[in-house]
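Note that the protein sequences, when read in sequence, are chains G and D.
Each residue of the first sequence is one higher than the one before, counting from 136 in the working numbering.
Each residue of the second sequence is one higher than the one before, counting from 3 in the working numbering.
The beta carbon of each residue, even a glycine, is placed where N, CA and C say it ideally should be.
All of these numbers come straight from a predicted model, not from anything done at the bench.
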Amino acid sequence: MINIRHLQRQTRRFEFADGVRDFQTALLILLMSIFGWVVWDLPNLWLPAARDFMRWQGQLFAGIVIFGLTFALVYLVSEGSLRLLNEVVRRRWLSRKVGLVTQKKWVVSRKTLFAAFTIMLLSLLVGSVIAVTVGDPWLVLRALYLGMGWEFALMYFMIGQELDIRRYRPVALVGAVLSVLIAFAPLSVGQISLAMGMLWAVLLAASGFYALRQMAALPESADDGA
Amino acid sequence: MEREVQDITSIDRVIHEPARLAIVAVLSSCESADFKALLGITGLSKGNLSAQLQKLEEAGYLTITKGFQERYTHTTCALTPAGQDAFKAYWARYKALGGVLNLE
């Protein structure tokens with residue numbers, strides 16, 4: 136009897152099994168965290184220029200341009216790095232070992248995405264309530280970064296369970312624990328952003344290297360034999 | 003029960019064959035897959051996979067693109083819209099029949 140669901144899982148598993156996605160996500164998280172650090176801790180770097188631009192072009196237009204450029208840059212880095220890794224690592228090297236699968240747009244299930252989003256939202260909500268109660272507005276941002284850490288942890292744990300990728304279990308566990316320590320460490324919000332980003336970038340890069348090492352051990356043949 | 007019996011007899015036989023069902027199941031969950039990936043996931047032999055791919059292509063359920071990658075052949079397969087519809091219909095019928103058979 137054919138197990139259709141198992142075959143479909145094995146196909147989706149391709150996207151995460153080789154570790155390429157881990158490198159791309161690590162890079163993206165690191166960039167976002169550096170962006171957070173610059174925004175919160177180094178306002179002298181960007182605030183005067185942003186003010187001048189706002190005076191020159193008007194607040195609304197300048198705001199839209201600044202945010203638009205930031206998100207466009209993040210999107211370009213994310214897509215560009217994935218395409219580059221796909222071409223260099225997957226198409227030129229890994230396709231000789233395990234073949235090539237072009238995935239659909241959404242590889243992660245809606246259930247996983249919804250759970251991750253819920254965790255993020257809950258952290259923000261609880262953080263806001265505590266911040267109002269204690270009277271420290273910075274707690275909202277700490278809660279937001281903690282929510283982000285837990286969101287990643289839950290997402291990778293669920294992807295690991297769903298697609299049977301065991302290396303994501305320690306990644307999720309270590310990430311969840313260290314996210315708490317970082318969120319409540321005596322650091323500025325910018326430093327928390329940077330530390331959180333570095334934590335997840337290191338965890339995912341380690342996970343990616345582990346997966347690639349396993350892939351490197353597989354036999355290689357250039358001809359597909361079709 | 004008569005309707006279910008009719009459903010069984012009208013099931014898509016091109017997809018119902020186990021090797022072809024495995025291929026279509028894999029291709030239904032991605033945009034495309036190459037020959038080597040299909041070999042690894044389905045566990046079929048090269049000869050069997052080639053033959054079944056040809057049958058699915060003849061039925062209009064998939065497209066096979068042959069190209070070259072550094073002097074070597076590279077074969078990529080993807081379901082056509084007709085293949086996707088056929089698999090969806092097959093899967094819906096399969097699940098419905100499974101439900102009926104479990105109840106009996």
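Taking 8 Å as the threshold, the shortest C-beta distance from residue 16 of chain D to chain G does not fall below it. DSSP places residue 69 of chain D inside the beta strand (DSSP E), whose first and last residues are 64-71. In terms of beta-carbon proximity, residue 294 of chain G stays away from the interface with chain D, with every pair separated by 8 Å or more.
Interface flag for residue 24 of chain D against chain G is set, since a Cβ pair is found closer than 8 Å. Shown in chain order are the members of the segment 35-52 of chain D whose Cβ falls below 9 Å from a Cβ of chain G: 35, 36, 37, 38, 39, 40, 41, 42, 43, 44, 48, 51 and 52. A contact between stretches requires three or more CB pairs, one per stretch, nearer than 8 Å, and the segment 332-342 of chain G fails this requirement with the segment 201-219 of chain G.
Comparing C-alpha distances from residue 141 of chain G to each of D/75, D/81, D/26 and D/76 shows the shortest one belongs to D/26.
Look at residue 246 of chain G: its C-beta is not under 8 Å from any C-beta on chain D. In this structure, G/201 is the residue among G/201, G/173, G/244 and G/176 with its C-alpha nearest to the C-alpha of residue 186 of chain G. Here the segment 178-196 of chain G makes no contact with the segment 53-72 of chain D; the two share fewer than three CB pairs at distances below 8 Å. The bridge partners DSSP lists for residue 146 of chain G come to none. Taking the CA atoms as reference points, residue 82 of chain D sits about 10 Å from residue 30 of chain D. A straight line joining the alpha-carbon of residue 84 of chain D with that of residue 315 of chain G spans about 50 Å.
Residue 157 of chain G sits in a helix when the DSSP states are folded into three classes. DSSP, reduced to helix, strand and coil, places residue 30 of chain D within a helical segment of the structure shown. Non-local beta-carbon contacts of residue 325 of chain G in its own chain, meaning distances under 6 Å to residues more than five positions away in sequence, involve 172, 175 and 176 in chain order.
If you compare the alpha carbons of D/63, D/90 and D/73 with that of residue 16 of chain D, the shortest gap goes to D/63.
Here the alpha carbon of residue 258 of chain G sits roughly 40 Å from the alpha carbon of residue 93 of chain D.
Taking a beta-carbon distance threshold of 8 Å, residue 192 of chain G does not count as an interface residue toward chain D. Look at the segment 278-324 of chain G and you find these whole runs of alpha helix (DSSP H), each 4 residues long or longer: 303-318. Between the beta-carbon of residue 153 of chain G and that of residue 347 of chain G there is about 7 Å, and that keeps the pair under the 8 Å contact cut. The distance from the Cβ of residue 225 of chain G to that of residue 155 of chain G is about 6 Å, consistent with a contact at the 8 Å cut-off. The shortest CA-to-CA distance from residue 161 of chain G to any of G/342, G/353 and G/355 is the one to G/342.
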